[in-house]
Ligand code: NAD
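Residue numbers (this note's numbering): 1132 to 1627.
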């Protein structure tokens, strides 16, 4: 079996990991298809990348932001040129169907064009000074060397949400992609390199979280960490990063609810639920993993939902007729299977699915059936914990207030959705649902790059990607210019 070997990108050079070891990247639809061998990096590799980034930062920070933005614009155009190839690479390494991986690349294109425009809009603030003949302003400065740690489910879009704002703001970056999906990060960074990004401004260090990821979090010269992944790892990163007083942005898990009221357009709610629960094989942080049904429509909705879930075509995402690809790896299959067992033990009713598919066309991949549980109560673990697979829990309620209470009863707070024709309830839900994102008459998935993206409670620590990313990747500097030619003491001389 032949496959390419990839190296880390450090200071513009492709360099093998010091360990000499690699990690294989396998196609989850067919494990005999090896995408490539990627470096298994440790602290030494991270240290080299940080040194290269530090050197590059010295000049990159002085490039005017509109010039930096032009590189992003060209990178966006490079992504447009290679969209189909990059989508196919992504389906091979991650599994989701081509329509979705084209969407993932498109999201990176959208982000490039959106953030390129921000190069001429890094606004600061001027304000009157309390003293005469004194000018006061605040300007945005880059943070410095920043570390970006990304998950496998949006292998190009999520790196682009971090890299592009970090770059336009003048930071130098080290990105550590997930071990399951490094190729899409290489493709994204290649688009930047081909667009003229100077060496060392972006460095790629591949490896596991506990080796390469942890070293990045602990390195004293890294000023900020932007992380997307599980809440368990996010908590660990925040604690470790505190030792060197780093800024930390955490985007983490979800247990997202779609609420269907009894006045909803039921067919629309069904389309939304099916896409929200089983799109990306349920492996989205915003995936619909709870469907809250008013008792008046629960029976009809459930019957139609299960009938449609059973018909979904599962297979290799490179086949255009397939609707659901594999889960990304065996560990995710084990998690789905564990939650199915748990839900059954807790008394939930399995309506369809519940098993890994291991025969015939599925024999060499990691596939799991679309799975629906009814009779779920809010206290069951299947109703509270993130599964990150094609497993959805149906929960019934009697009143709107009860639905909002159930939706808010979990530790997470990423996305929520309400299907109704009642404008008063829609606005009440927009106000009262504890989540970073609320959709009305649309599924819990489908964020656009120019709105704030992130969540509350255990989902995030208060930062946002999209609109809000520049707040994380810049630091405010206050500048006072005194042209009075005498000493003026703030709070003292202004009393005269
Ligand atoms: P994960 O937390 O296992 O890994 C995420 C990244 O962190 C990977 O690159 C991993 O190598 C790295 N990592 C792991 N341990 C580390 C450590 N000790 N120090 C530093 N880095 C470490 O998550 P995953 O399985 O890749 O992704 C799935 C999770 O991501 C889900 O919980 C999902 O909800 C979440 N997610 C959240 C968002 C969001 O924006 N809120 C988006 C996508 C995914």
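We treat Cβ as the ideally placed atom computed from N, Cα and C, and that holds for glycine.
This one's a predicted model, so the numbers in the text were calculated from it and none came from an experiment.
Any non-hydrogen atom of the ligand GTP closer than 7 Å to residue i Cβ
i            : result
residue 1519 : Questions concerning the ligand GTP fall outside what the structure shown contains, since the ligands it does hold are the ligand NAD.
Contact belief for residue i with residue j at Cβ below 8 Å, rounded distance in angstroms
i            : j            : result
residue 1236 : residue 1218 : 5 Å
residue 1390 : residue 1525 : So it is not a contact: roughly 12 Å between Cβ atoms.
residue 1318 : residue 1140 : With 8 Å as the limit, residue 1318 and residue 1140 do not qualify as a contact, their Cβ atoms being about 12 Å apart.
residue 1211 : residue 1240 : 6 Å
residue 1619 : residue 1265 : 6 Å
residue 1331 : residue 1303 : 7 Å
residue 1516 : residue 1386 : 7 Å
residue 1548 : residue 1570 : 4 Å
residue 1294 : residue 1271 : Contact flag wrong, Cβ pair sits at about 18 Å.
Spatial neighbours of residue i in its chain, beta-carbon cut-off 6 Å, leaving aside the 5 residues before and after
i            : result
residue 1582 : 1597, 1598
residue 1413 : 1520, 1521
residue 1603 : 1380, 1594
residue 1392 : 1425, 1551
residue 1405 : 1439
residue 1473 : 1512
residue 1258 : 1267
residue 1149 : 1175, 1176
Cα-Cα separation between residue i and residue j, rounded to whole angstroms
i            : j            : result
residue 1533 : residue 1568 : 20 Å
residue 1470 : residue 1608 : 49 Å
residue 1601 : residue 1419 : 29 Å
residue 1346 : residue 1587 : 27 Å
residue 1371 : residue 1179 : 20 Å
residue 1585 : residue 1360 : 12 Å
residue 1556 : residue 1245 : 33 Å
residue 1436 : residue 1428 : 12 Å
residue 1251 : residue 1193 : 15 Å
residue 1505 : residue 1411 : 22 Å
residue 1466 : residue 1590 : 19 Å
residue 1399 : residue 1432 : 11 Å
residue 1226 : residue 1457 : 6 Å
residue 1213 : residue 1368 : 34 Å
residue 1484 : residue 1455 : 13 Å
residue 1209 : residue 1187 : 23 Å
residue 1574 : residue 1403 : 5 Å
residue 1133 : residue 1374 : 44 Å
residue 1301 : residue 1309 : 25 Å
residue 1613 : residue 1142 : 41 Å
residue 1160 : residue 1545 : 29 Å
residue 1349 : residue 1269 : 30 Å
residue 1151 : residue 1171 : 8 Å
residue 1221 : residue 1147 : 23 Å
Proximal residues to residue i (C-beta, below 7 Å), its chain only, five neighbours per side dropped
i            : result
residue 1340 : 1364
residue 1535 : 1560, 1563, 1564
residue 1451 : 1229
residue 1514 : 1421, 1507, 1508, 1524, 1526
residue 1169 : 1137, 1153, 1154, 1156, 1313, 1337
residue 1296 : 1246, 1600, 1601, 1604
residue 1135 : 1167
residue 1320 : 1140, 1333, 1335
residue 1503 : 1436, 1437, 1440, 1482, 1483, 1484, 1523, 1525
Residue i at chain D interface by Cβ criterion, 8 Å
i            : result
residue 1507 : No chain D appears in this structure, which consists of one protein chain only.
Beta-carbon contacts of residue i that lie in its chain and below 8 Å, excluding the five residues immediately before and after
i            : result
residue 1316 : 1281, 1286, 1287, 1290, 1306, 1308, 1335
residue 1263 : 1615, 1619
residue 1634 : Nothing about residue 1634 can be read from this structure; the chain reaches only from 1132 to 1627.
- [ ] Indicate whether the contact test is met: 3 or more Cβ pairs, each with one atom in the region 1276 to 1286 and one in the region 1320 to 1331, closer than 8 Å.
- [x] Here the region 1276 to 1286 does not lie against the region 1320 to 1331, with fewer than 3 beta-carbon pairs under 8 Å apart.
- [ ] Examine the Cβ distances between the region 1349 to 1358 and the region 1258 to 1278 and report whether three or more of them are shorter than 8 Å.
- [x] A contact exists between the region 1349 to 1358 and the region 1258 to 1278.
TODO: Say whether the region 1539 to 1557 touches the region 1496 to 1504, bearing in mind that this needs 3 or more beta-carbon pairs closer than 8 Å, one atom from each stretch.
DONE: Note that the region 1539 to 1557 does not touch the region 1496 to 1504; fewer than 3 beta-carbon pairs, one per stretch, sit closer than 8 Å.
Open item on the list: So within the region 1411 to 1489, which uninterrupted alpha helix (DSSP H) runs reach at least 4 residues, ignoring any that extend past its ends?
Closed with: 1426 to 1442, 1461 to 1477
Open item on the list: Restricting to runs no shorter than 4 residues, where is the alpha helix (DSSP H) found entirely within the region 1223 to 1295?
Closed with: 1229 to 1249
Task: beta strand (DSSP E) runs contained entirely in the region 1146 to 1176, provided each spans 3 or more residues - done: Restricted to the region 1146 to 1176, the beta strand (DSSP E) segments that are unbroken, complete and at least 3 residues in length are 1153 to 1158, 1161 to 1170, listed in chain order.
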